[in-house]
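Residue numbers (the working numbering): 139 to 438.
Structure (structure tokens):
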């Protein structure tokens, strides 16, 4: 089913133009999954179906209201340079994980869960997949955290602003598309890769911050400390054969923790070739400071 905006998009906003900056963003979609425990934190195999129905109905209403403010997400790409905001709505699917509780799933979590899954215990997994070309991390966080419907929302006031397209108008020249593909293509290599979660608790972060402090950076942030440690470790393992590119980014403090369980530690996602990841997982120093793919239920 499609969830449509709660209010129709005005005719003057029917075409949303992309900017030159949007054109340079790769095509792939950005997935994210949020897990919500049962309201009573009860992991039994039975749950209040009325409570689940009410929560899902609230979610659908919230999405409908949010799409009014993020109206391009309810449309479709007209071409490479613009979005037709036709209010077709966002694709929405609900599934029931029969015979499976959220506790069982989180004991061995995988990266491929999508859509809205309801577990027997009443827990919910909410998955989103949005084109990175339309929303970056900060905008996605805002989209998730807008919350329940608000009365008398002004679509022109809260909807996406198009100043980027005015300052940096899109260009349909083929050389720009080729340039973007070449630029991002040089950052990624083909082959089998594997992603692992490395979880650093607050005490490990304190150790890394102390070790990474210097006269230039007297009080490094947790992101700087953990990123520096991981980059140094990866470089040490890969310097013999040379490292073409290593990217580090942070989702901390852009709002995602307000939509999930939060915590004082830090999650690191590492993606490497299978052979390289096998070496990293055995690194003694890493294992002393971080847990590899732990169950979220085991974390403080």
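Every residue, glycine too, gets a C-beta built ideally from N, C-alpha and C.
Query                                                                                                     : Result
Residue 144 Cβ short of 7 Å to the ligand GDP heavy atom set                                              : The model on display carries no ligand, and the ligand GDP is accordingly not part of it.
Helix, strand or coil at residue 357 according to DSSP, with G and I counted as helix                     : coil
Where residue 416 falls, given that 16 or more other Cβ within 10 Å makes a residue buried                : exposed
Chain D contact for residue 213 (CB, 8 Å cutoff)                                                          : Structure shown: chain D not included; a single protein chain is present.
contact_flag[the stretch 350-359, the stretch 193-205] where n(CB pairs < 8 Å) is 3 or more               : no
Counted within 10 angstroms of its Cβ, other Cβ atoms place residue 260 as buried (16 or more) or exposed : buried
Cα-Cα separation between residue 361 and residue 388, rounded to whole angstroms                          : 7 Å
Inter-residue spacing [alpha-carbon to alpha-carbon] between residue 467 and residue 385                  : Past the edges of the chain, shown from 139 to 438, lies residue 467, and the structure says nothing about it.
Cutoff 6 Å; reference residue 271; Cβ partners in own chain excluding five residues on either side        : 160 and 163
Reference residue 332, options 174, 431 and 229, closest by Cα                                            : 431
Where residue 347 falls: helix, strand or coil (DSSP)                                                     : helix
Cβ-Cβ distance between residue 153 and residue 232 below 8 Å                                              : no
CB contact flag (residue 427, residue 342, <8 Å)                                                          : yes
Test item: CB-CB of residue 214 and residue 195 under 8 Å                                                 : no
CB-CB length for residue 156 against residue 308, believed under 8 Å                                      : 5 Å
N- and C-terminal bounds of the alpha helix (DSSP H) containing residue 163                               : From DSSP, residue 163 is part of no alpha helix (DSSP H); its letter is neither H nor E.
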